[in-house]
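Residue numbers (our numbering), protein chains in the order written: chain V, -8 to 335; chain Z, -8 to 335; chain Y, 365 to 679; chain F, 365 to 679.
All C-beta atoms in this analysis are idealised placements derived from N, C-alpha and C, irrespective of residue type, glycine included.
Just below is one structure, and these are the notes that go with it.
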Ligand SMILES: Cc1ncc(C[n+]2csc(CCOP(=O)(O)OP(=O)(O)O)c2C)c(N)n1
Ligand SMILES: Cc1ncc(C[n+]2csc(CCOP(=O)(O)OP(=O)(O)O)c2C)c(N)n1
Ligand SMILES: [Mg+2]
Ligand SMILES: [Mg+2]
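Take a look at the structure:
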């Protein structure tokens, strides 16, 4: 299968969906730029033109409501946030309107096919307000679907799936993944929303991870394998709905659980997955679960502080060894050099 | 000690704090009404007048920023939301500005003594957008303190503490608790932020609960006692910072954990507490943890649906019996009749 | 005459709610529109069935004026399965897609943005449907409304912003929320909307202004802002008159002056003057309509509750 | 002359960043203010040390104009402990409380609300301190700014809204964001602020308008909105000129016309005309200042990194 970058896969998924469904349009700031959201809206803009891919003023709150209104009348809007941190301004519309839309009216005012794309995570020195990951606060609310593609095939697949879904879907795309390459099928195959993926199977320890941390987990697993530890890596992909079965099946098998997410621990995804195991796979757990999240502070800019703020592949590998009672000390230098080039 | 209602205690805490600190002012919609936020701002308005207790237009976003600016210049603003659901409109200022204020500038632009009060939870038929509980999404972010007083003494104590704290504190007050009475000390004794409270000690099962669910848990414990089960009830009080030690000490003692919160499960407080036990008290757990939260859907209005949407004292009691391996069936009719009178 | 009947139907419905709400059986915070009926009826009479309306917390008038049924409204308030929203939405969340009532919401500003989006989709589809959003002057305190006005003006969207200025937001006077000499129409014009202030208690004035506005929208000549001066008779939320609860934020005299300007009284007098109806006939209509409304409420109160098994439907 | 020196200090700093940013050592998204210096300097010259300023993502000019140090700015960009924010904030989060630079933020609208709150506290304290918020015309797309304008006008707060209208938000032209014929001052007036549009590249015009505005604020006569027409020379974020990256959202000709209107060139010419300085002297100043700036950047680059042990300080 041909390989694409994460960005190309997002673009292809969008274009193929728009080809099939004339109701889809894309808006938000910068979507029609030559740089088109790190290249992900460029082909769509060229192919479908300004009627279906159009720029907007910076007005996150009302624009979300506007997309909701268009969706209510039969469109499939894709609203894009170049940074998910701006999305706080849209939380009222997303959580009080979109998430409640179909339930609160007992289905009588139709479904809400709204798709919101937002870029999360660190680029370089993005700092405290341009690098957050809002999956946990969003997934807390019934009525929203929250997905986090890690690999190019799911970047495309979840885009396709979101654009076929009839409830609101939020797609969180990690800035550090846009350049990652991987095999992607030519045809528009949806990645099912609500299904996690076992990206590597193993019998010693289960590592459940999201987005960029799932990517790091794969590197960690390679190092672990070198040390004779077979880690099973689960890329969560969907936060809501959560694929409890895939997680539980793996934990029942390995009895050891490490969870890694791109955001903070408290009331975060790492805690959700750990709690799930403690409630529904308790008898199978052989050791304490281990949560890996951001340092418990806002994101600093200085490179020296960023280095200790963000967990890495080595953090995951060490945690896995620790839960298995092995010496976490001897992890080789597995962390990739940061190749990121500015300005954003 | 004399008893006060929760509302009286909130009011007394505010008035005593304002007496001692002239920098404190109170604003937000309806704070100067004769009805003054269910009576909690009435005495302050009478005593300190419109210079320190003043109404505002409905402008949650900018008003939060305005309070932040005043706090930066040395004031201690108390911003009140008659419903925390309106606070989504303030999330950008709360999370991107207030929570980051002191960290992002390395303390160079001072601390951020902002207090935000918001009413949470069900009254009657408040429906999907006027009954939520936002502790989990807020507590997810380092830089905010999030507290939830359950009993009148802490309603006063946490108000006092918040108004002495030099970082932003969000106080979530449950609508169904405003009429609850309890002993409250005359003097301004702060309830430490970040400390949970063992409101009833027991050796068989630990029930960690928040706000109205802690109140329900106490009723559940009485029924459990009748059945020979000694439940230890921990009123969490602070969500961030989380009092890990008090929770873990109890779990180490009982080996059984039930967690109940006023919001949803996914990435919620119940999951956080369950994960904590699974990570840091795993060896002591004798049975799966049990999470009790809202039904996994938005809040319906119809009384018949509300009855099954909200967990109650009996839900907690049954869960406690179940974790202990007893028959959860025979719980007496312990749920109080809903005496609530409208319109809100 | 149809207009007058509509006014009566809405008035009886709201007053029937006021009377029955006190039984504590309608467990949903309710904002009555008594006194403001002419705005809803005047605007909706200028609309087609396929035009859509959106409203805020005080939405009964708009739901009914666009053709919503009294039985479905009453059922919704009683929390019954027969409610327009299956009893799940309550007083502030009404819908009737067949009649073009899409969405109402109790959080200021929300519905106006959604309405603006409906207009965007109408524009994309071509055709000449229009979207209307009813809201109080309190929404003009929220930033969201200016984002909407700006966007609608930029794209020349077929959306009508109907601001019911009843002088109060809850119990807060205008002077707490607007600088002296403020003019909401001037704000709308500064974003390049057509704007007009009218007497919201004069059904004919509202109808005519709405027809002008809707014509402009259908011609694709850009959005319109209508400021309708009116007044809420009863308390902000709940069934009582303020004086019954000794509220003092507005004077009894002010309330009475506005009750004098009752839109229904004025509509009736006009019909009589124009010889289209006699006082006696008006009373007959009123009684007939009240009878229908009472029946609808009685039936609603007997209607079935939602099945507990449906709790998770449509999440 | 002091003004001209200030302009030069800012210009050299920004241009030095542009040159060094390409080394990929300043790992923080940076929005350069080259071309807009006169707004920052003109406004800040009308302020006292105890007045406070707030700014948005393009904040270097304002930080420096209010008295911030080049070394602290450079250190912040290099992520060093000696940065004004200890290297934690980066380019868009600058502060210097001693000089009255309180807060800058990269999210539109935030800082304007915070500035409005500072003015509220000044008013509560009595006295005549003023707060200033610098922002681009892009913030006028956000609802938050209208909540601020309304609030400031209602309370007559001593806050100066300085809108730097440089015609673009990122690469988006005004016509995408405002209806034809829009006038930002008219919007501000509709909320009852005093508003004036001025040539933001004319340091004297900015200074005079700012002095008028600040006088009004100190007299407690209500908030002022200044729309300063100006232009960003370089790309929105990053060190390059748009043409270097073949960007076409604005024409090379347009850019060159504005470079012709360089605020520093105009200020220099004025000094020469008025016989206050010769061209030679101006060049000497420029070189001297460039030397200082270069030293500051060299020192910053050698400055210590924050200690890893400080990661959790000030959460
Ligand atoms: C965002 C938001 N803030 C505050 C409230 C609380 N609230 C409910 S109704 C109301 C007053 C609304 O006044 P107006 O818009 O004039 O409508 P009216 O009640 O006068 O018809 C307020 C402030 C809300 N519902 N939403
Ligand atoms: C709330 C929010 N939405 C979007 C952005 C992304 N953004 C960063 S700068 C910018 C353009 C700002 O233009 P303007 O305010 O005119 O300032 P300028 O860059 O022209 O100086 C945008 C949209 C943001 N930072 N914050
Ligand atoms: Mg009103
Ligand atoms: Mg600009």
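Contact under 8 angstroms by Cβ, residue i with residue j
i              : j              : result
residue 187(Z) : residue 4(Z)   : no
residue 442(F) : residue 644(F) : no
residue 253(Z) : residue 195(Z) : no
residue 127(Z) : residue 138(Z) : no
residue 90(V)  : residue 134(V) : yes
residue 530(F) : residue 548(F) : no
residue 302(Z) : residue 251(Z) : yes
residue 340(V) : residue 171(V) : Outside the modelled stretch of chain V, which goes from -8 to 335, sits residue 340(V), for which no answer is possible.
residue 95(Z)  : residue 449(F) : yes
residue 280(V) : residue 238(V) : no
Residue i beta carbon near ligand 2 (any heavy atom closer than 7 angstroms)
i              : result
residue 530(F) : yes
residue 503(F) : yes
residue 467(F) : no
residue 114(V) : no
residue 506(F) : yes
residue 421(F) : yes
residue 470(F) : yes
residue 462(F) : no
Cβ-heavy atom distance, residue i to ligand 3, below 7 angstroms
i              : result
residue 533(Y) : yes
residue 473(Y) : no
residue 500(Y) : yes
Residue i beta carbon near ligand 1 (any heavy atom closer than 7 angstroms)
i              : result
residue 458(Y) : no
residue 334(Z) : no
residue 183(Z) : no
residue 224(V) : no
residue 133(V) : no
residue 393(Y) : no
residue 356(Z) : Shown here, chain Z extends from -8 to 335; a query on residue 356(Z) therefore has no answer.
residue 618(Y) : no
residue 51(Z)  : yes
Residue i beta carbon near ligand 4 (any heavy atom closer than 7 angstroms)
i              : result
residue 309(F) : A question about residue 309(F) goes unanswered here, because the residues of chain F that appear run from 365 up to 679.
Cut-off 8 angstroms between Cβ atoms - residues of its own chain near residue i, not counting five sequence neighbours on either side
i              : result
residue 452(Y) : 670
Close beta carbons around residue i, own chain, < 6 angstroms, minus the five adjacent residues each side
i              : result
residue 667(Y) : 439, 444, 446
residue 486(Y) : 493, 522
residue 107(V) : 70, 161
Contacts around residue i, its chain only, beta-carbon distance under 7 angstroms, and the 5 residues preceding and following it disregarded
i              : result
residue 333(Z) : 115
Task: Continuous beta strand (DSSP E) assignments of at least 3 residues falling wholly in the segment 111 to 151 of chain Z - done: Note on the segment 111 to 151 of chain Z: whole beta strand (DSSP E) runs with a minimum of 3 residues are 136 to 138, in chain order.
- [ ] Return the chain-ordered ranges of every alpha helix (DSSP H) run that is complete within the segment 282 to 308 of chain V and spans a minimum of 4 residues.
- [x] Counting only runs of 4 or more, we get 294 to 300.
Task: Runs of alpha helix (DSSP H) wholly within the segment 4 to 90 of chain Z (minimum 4 residues, chain order) - done: The DSSP assignment places complete alpha helix (DSSP H) segments of no fewer than 4 residues inside the segment 4 to 90 of chain Z at 27 to 30, 33 to 39, 51 to 63, in order along the chain.
Task: Cβ contact check for the segment 3 to 22 of chain Z and the segment 320 to 331 of chain V: 3 or more pairs under 8 angstroms - done: Output reads no: the segment 320 to 331 of chain V does not touch the segment 3 to 22 of chain Z.
Task: Contact the segment 394 to 401 of chain F vs the segment 503 to 511 of chain F: 3+ CB pairs below 8 angstroms - done: Taking a cut-off of 8 angstroms for Cβ pairs, the segment 394 to 401 of chain F and the segment 503 to 511 of chain F do not touch, as fewer than three such pairs fall below it.
Open item on the list: If contact is defined by three or more beta carbon pairs under 8 angstroms, each pair taking one atom from either stretch, is the segment 304 to 311 of chain V in contact with the segment 208 to 225 of chain V?
Closed with: With the cut-off at 8 angstroms, the segment 208 to 225 of chain V and the segment 304 to 311 of chain V touch.
Open item on the list: Please give the ranges of any alpha helix (DSSP H) in the segment 595 to 655 of chain Y, keeping only runs that are unbroken, at least 4 residues long and fully inside the region.
Closed with: Inside the segment 595 to 655 of chain Y, DSSP marks whole alpha helix (DSSP H) runs of 4 or more residues at positions 616 to 624, 627 to 637, from first to last along the chain.
Open item on the list: Check whether the segment 173 to 182 of chain Z and the segment 200 to 219 of chain Z touch, using three or more Cβ-Cβ pairs below 8 angstroms as the test.
Closed with: No contact exists between the segment 173 to 182 of chain Z and the segment 200 to 219 of chain Z.
Open item on the list: Tell me whether the segment 532 to 545 of chain F and the segment 539 to 559 of chain Y touch, counting them as touching only if at least three CB pairs, one residue from each stretch, are closer than 8 angstroms.
Closed with: Enough Cβ pairs lie closer than 8 angstroms, so yes.
Task: the segment 651 to 665 of chain Y / the segment 408 to 426 of chain Y touching (three or more Cβ pairs under 8 angstroms) - done: In short, these stretches do not touch, since the Cβ pair count stays below three.
Open item on the list: Using 8 angstroms as the cut-off, can you tell me whether the segment 586 to 595 of chain Y makes contact with the segment 569 to 578 of chain Y, which would need three or more C-beta pairs spanning the two stretches below that distance?
Closed with: Between the segment 586 to 595 of chain Y and the segment 569 to 578 of chain Y, the count of C-beta pairs closer than 8 angstroms reaches three or more; the two stretches touch.
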